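Quick note, the sequence shown lines up with residues 0 to 169 if you use numbering that gives the first Met the number 0. For every residue, glycine included, the Cβ atom is placed at its ideal position computed from N, Cα and C. All values derive from a computational prediction rather than experimental measurement.
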Amino acid sequence: MKTSAPAAVRAKTNAARLLDTLGILYELRPYVVDPDDLTAISVARKIGLPPEQVFKTLLTHTNTGEHVFAVIPGDAELDLKKLAHAAGAKKAELASLKEVEPLTGYIRGGVTVMGARKSFPAFADETIELFDQISVSAGQRGLQLLLTPADYLRAAEATLADLTKGPTPA
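Following this line, the structure appears as structure tokens:
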């Protein structure tokens, strides 16, 4: 299965190799990294997609001692109570930055569920299904994966849930 990775992208990431193994089509899209601005909103601007279509991956841990991934739109804020509920826990917190690389194999700005060092449950915000194509980190800063939400959910073995803070319905 052929990808449309630019010639500048030399080596495939673990996430891209996983997608290859699963026979999932994707595009690798490189961008220039600003170490002082690793936000998903900045990445979205650089790759030409709206921030709500660029999903960021956050590592968290629950009161049960389990680590879980939360995958949310780039312009949204994670609701830790909603994540805890989805994970069947009472409480969830963001993992400390010093935990992220040893547990996932990825550094801040390059975290992805796919191909992580350890397999943790993954929860993706339900808005992921609103798009024909989404973008997630390819597992390194400066490289995004573009693929369909259904393919992402399958590859990441992610569960859909309402995970973001938002206005309370009237």
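Among G141, T158, T20, A83, nearest to K45 - alpha-carbon criterion: Within the sequence shown, numbered from 1, the residue matching residue 45 stands at position 46. The option with the nearest alpha carbon to K45 is G141.
Exposure label - K1; buried when at least 16 CB within 10 Å: Position 2 of the sequence shown, counted from the start, is the residue given in the question as residue 1. Note that K1 scores 37 on pLDDT, short of 50, meaning its location in the model is unreliable; the coordinates nonetheless yield the value given after this. Label assigned to K1: exposed.
Inter-residue Cα distance where the pair is H66 and G47: By 1-based counting over the sequence shown, the position of residue 66 is 67. By 1-based counting over the sequence shown, the position of residue 47 is 48. Those two C-alpha atoms are separated by around 32 Å.
Beta-carbon proximity of A75 to T59, cut-off 7 Å: Residue 75 sits at position 76 when you count from the first residue of the sequence shown. Residue 59 sits at position 60 when you count from the first residue of the sequence shown. Not closer than 7 Å, so no.
Those residues which DSSP pairs with K55 across a bridge: The sequence position of residue 55 within the sequence shown is 56, counting from 1. Partner(s): I71.
Bounding residues of the beta strand (DSSP E) (the contiguous stretch that carries A85): Taking the sequence shown and counting its residues from 1, one reaches residue 85 at position 86. First-last for A85: 79-85, but that is the alpha helix (DSSP H), not the beta strand (DSSP E).
C-alpha distance - D131 paired with A160, whole-angstrom precision: Here residue 131 is taken as the residue at index 132 of the sequence shown, counted from 1. Here residue 160 is taken as the residue at index 161 of the sequence shown, counted from 1. Cα-Cα distance, rounded: 18 Å.
Distance between beta carbons of A157 and A123, contact taken as under 8 Å: As a first step, residue 123 must be located in the sequence shown, where it is residue number 124. As a first step, residue 157 must be located in the sequence shown, where it is residue number 158. Correct: roughly 4 Å between the Cβ atoms.
Beta-carbon contacts of A169 that lie in its chain and below 7 Å, excluding the five residues immediately before and after: Counting from 1 along the sequence shown, the entry for residue 169 is found at position 170. Bear in mind that a pLDDT of 47 at A169, under 50, signals an unreliable position, so the number given afterwards is only what the model happens to contain. Excluding positions up to five away in sequence, the list is empty.
Inter-stretch contact (C-beta, 8 Å, three-pair minimum) for the stretch 109-117 and the stretch 78-95: no
Close beta carbons around I40, own chain, < 7 Å, minus the five adjacent residues each side: Along the sequence shown, one-based indexing puts residue 40 at 41. The residues are P50, G73, D74.
Short Cβ contact (7 Å threshold) for D33 with K164: As a working note, residue 33 is residue 34 in the sequence shown. As a working note, residue 164 is residue 165 in the sequence shown. No. Outside cutoff.
Exposure label - P148; buried when at least 16 CB within 10 Å: Sequence index remark: in the sequence shown, residue 148 carries index 149 (1-based). It counts as buried.
Secondary structure, beta strand (DSSP E): runs of 3+ residues fully inside the stretch 4-45: 26-29
Own chain partners of L96 with C-beta closer than 7 Å, once the 5 adjacent residues on each side are dropped: Locating residue 96 in the sequence shown gives position 97, where the first residue counts as 1. So the qualifying residues of the chain are R107.
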